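Below: the structure, in structure tokens.
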Amino acid sequence: MDSFVLLKKTLPTFIEKLSDEYDVFAPTRKDNIFEYKLISKPSDINLDFVNSRLPPKSILLQQTETLFKFKPGRKGKILPKEISEDKKIIFAIRPCDAKSFSILDTVFDSDFKDPLYLSKRENSVLIGLSCNNPGVNCFCTSFGDSPTSSKFVDILFTDIGEKFFVETISDKGKKLVEKITDLFEKATEEDKNLKDSAEKEAIDTIKRNMKLEGVVEKLDEIFESQLWHSIAMKCIGCGTCTFLCPTCHCFDMQDEATLKEGARIRVWDSCMYSEYTMHASGHNPRPARMNRVRNRVYHKFSYFPKNSEYTACTGCGRCIEFCPVNIDIIDVIAKVREVKV
Ligand code: SF4
Ligand code: SF4
Numbered sequence: 015m016d017s018f019v020l021l022k023k024t025l026p027t028f029i030e031k032l033s034d035e036y037d038v039f040a041p042t043r044k045d046n047i048f049e050y051k052l053i054s055k056p057s058d059i060n061l062d063f064v065n066s067r068l069p070p071k072s073i074l075l076q077q078t079e080t081l082f083k084f085k086p087g088r089k090g091k092i093l094p095k096e097i098s099e100d101k102k103i104i105f106a107i108r109p110c111d112a113k114s115f116s117i118l119d120t121v122f123d124s125d126f127k128d129p130l131y132l133s134k135r136e137n138s139v140l141i142g143l144s145c146n147n148p149g150v151n152c153f154c155t156s157f158g159d160s161p162t163s164s165k166f167v168d169i170l171f172t173d174i175g176e177k178f179f180v181e182t183i184s185d186k187g188k189k190l191v192e193k194i195t196d197l198f199e200k201a202t203e204e205d206k207n208l209k210d211s212a213e214k215e216a217i218d219t220i221k222r223n224m225k226l227e228g229v230v231e232k233l234d235e236i237f238e239s240q241l242w243h244s245i246a247m248k249c250i251g252c253g254t255c256t257f258l259c260p261t262c263h264c265f266d267m268q269d270e271a272t273l274k275e276g277a278r279i280r281v282w283d284s285c286m287y288s289e290y291t292m293h294a295s296g297h298n299p300r301p302a303r304m305n306r307v308r309n310r311v312y313h314k315f316s317y318f319p320k321n322s323e324y325t326a327c328t329g330c331g332r333c334i335e336f337c338p339v340n341i342d343i344i345d346v347i348a349k350v351r352e353v354k355v
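Take 15 as the starting number for the sequence shown in this note's numbering and just add one per residue.
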């Protein structure tokens, strides 16, 4: 790992240089909502944020995406989609959201490869921005991560006052910085100390904690618990928690067609909706809200850790912040641990 500094006043030049070769996605602000968008100029960027409302997963796993087109009818044919090789930068992605892509990789880069996701993933460079001021519901540290973690990014920026402390992590990140090395200066010991104290302060700011010890095993024992009914009594099934979650990846496929042409489209879906599991026969294996509330928790905290190295939660806190009835995933897991068996 190499360490540099970039003067904040040089950031616009840095972004302009990136834009020569890449589509640059970065946090932008509309009213009070931050969103990662394709920017056309450096001044579109607003870094005065804790995190975006929608996670940047929407850049690699689009909310609506055409999988292929087709000509219907007896002489119909499939018109495969050309896979884009456009190079992207996701600038100022938070470390927790960068981790979410590694979690999504276990789904889309498994025995079944999703070429649309993977081409975007391979052609993207993640430039992280440490969370100097985590939000009140952030809890990435519960998963052994940190608001200044460089583990899942190609380059990590940390705000140290007049400058950004810049660490190049992956080969992708190193190559990118090498191309515009004249914008950077070597980091000094003092810069490193400033970064270390920013890191310590950020970690100290995180007050929420999810205790995960024994949760996978406990969930094996409480599938029929009354707990799921009591959470479901409160949940209104709006799906907000899944749409805003950086690791949720349920989707539906729909055909949109006229008599002459059509397209198969992938759209985000939510396991919190009853239609999500509705079979063509009319049978629904998760007919009640209780089944769906329970599935959300089991998918993230039991099935995922049993099948991969990850729990399917990064501790971003979005579902806590925006659940309209204040269902709090940290409290849910605490209650799981309390259930007597
Ligand atoms: S479950 Fe909630 S806290 Fe965890 S990653 Fe998803 S939105 Fe963030
Ligand atoms: S956001 Fe809250 S109310 Fe809406 S589906 Fe999720 S848990 Fe239920």
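For glycine and all other residues, C-beta sits at the position ideal for the given N, C-alpha and C.
Computed from a predicted structure; not experimentally measured.
Rounded to whole angstroms, how far is the Cβ of residue i from the Cβ of residue j, which I believe are closer than 8 Å?
i: ASP173; j: PRO109; result: Rounded, the Cβ-Cβ distance is 13 Å, inconsistent with contact.
i: LYS354; j: LEU241; result: So it is not a contact: roughly 11 Å between Cβ atoms.
i: LEU143; j: GLY175; result: LEU143 to GLY175, Cβ: 14 Å. No contact.
i: CYS285; j: CYS264; result: 5 Å
i: ILE53; j: ARG67; result: Not a contact, Cβ separation roughly 17 Å.
i: ILE341; j: ILE245; result: 6 Å
i: CYS330; j: ILE343; result: Between ILE343 and CYS330 the Cβ distance is about 10 Å, and since that is not below 8 Å, they are no contact.
i: ARG306; j: PHE82; result: In fact, because the Cβ distance is near 30 Å, the residues do not count as touching under 8 Å.
Return helix, strand or coil for residue i, following the three-state DSSP convention.
i: ASP111; result: helix
i: ASP218; result: helix
i: GLU235; result: helix
i: LEU241; result: helix
i: VAL19; result: strand
i: ALA326; result: coil
i: VAL180; result: strand
i: LYS83; result: strand
i: LEU226; result: coil
i: THR162; result: coil
i: ASP345; result: helix
i: ILE194; result: coil
Taking 7 Å as the cut-off, decide whether the C-beta atoms of residue i and residue j are in contact.
i: PRO319; j: THR325; result: yes
i: ALA201; j: ALA106; result: no
i: ILE103; j: VAL19; result: no
i: PRO94; j: ALA271; result: no
i: SER224; j: PHE115; result: Ser is not the amino acid found at residue 224; the sequence shown has Met there. No, the pair does not count as a contact, with Cβ atoms beyond the cut-off.
i: THR256; j: CYS262; result: yes
i: ILE97; j: SER138; result: no
i: PRO56; j: ILE73; result: no
i: ARG280; j: MET267; result: yes
i: SER316; j: VAL230; result: yes
Would residue i be called buried (16 or more neighbouring beta carbons within 10 Å of its own) or exposed?
i: THR127; result: Correcting the residue identity first, residue 127 is Lys in this sequence and not Thr. Exposed, because fewer than 16 other Cβ atoms sit within 10 Å of the Cβ of LYS127.
i: ILE92; result: exposed
i: GLY187; result: buried
i: MET15; result: exposed
i: LYS314; result: buried
i: LYS177; result: buried
Residue ranges of each beta strand (DSSP E) run of no fewer than 3 residues wholly in the segment 92-144, ordered along the chain?
102-107 and 138-143
May I have a chain-ordered list of the beta strand (DSSP E) segments no shorter than 3 residues that lie completely inside the segment 29-73?
37-44 and 47-52
Pick out the complete alpha helix (DSSP H) segments inside the segment 245-292, 4 residues or longer, and give them in chain order.
254-257
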